[in-house]
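Colleague: Encoded as structure tokens, here's the structure I'll be asking about.
In this note's numbering, the protein residues as written are 2 to 84.
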């Protein structure tokens, strides 16, 4: 799997969740934590929302990880933080 996107629900990540994600880290090309964007839950059309910088950065990281995998490039395992 090229990437695992962990989308925040707005609260802190539990220790149990963090531990489970750590177990998955060796099985994916990269882990990207996507911050909670409240506005996405409030609109009918998500394309109307201007994403904050951290969310845009997370999307860019996911695109890079997926693009690396689809291009046949070796995907290094890494975690990309967007806290």
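Backbone N, C-alpha and C fix where the C-beta goes; we use that ideal spot for every residue, glycine too. Fair warning: this is a prediction, and the values are worked out from it, not measured in the lab.
Can you find the residues in the same chain that come closer than 6 Å, C-beta to C-beta, to residue 27, ignoring five residues on each side of it along the sequence?
Modeller: Nothing meets the Cβ criterion.
Colleague: Using 8 Å for Cβ pairs, my map puts residue 105 next to residue 41. What's the rounded Cβ distance?
Modeller: Outside the shown range of the chain (2 to 84) lies residue 105, about which nothing can therefore be said.
Colleague: Report, in whole angstroms, the separation of the C-beta atoms of residue 63 and residue 6, which I expect to be a contact under 8 Å.
Modeller: The Cβ separation is near 6 Å, so the contact holds.
Colleague: Between the Cα of residue 38 and the Cα atoms of 12, 67 and 66, which residue gives the shortest distance?
Modeller: Per the Cα distances, 12.
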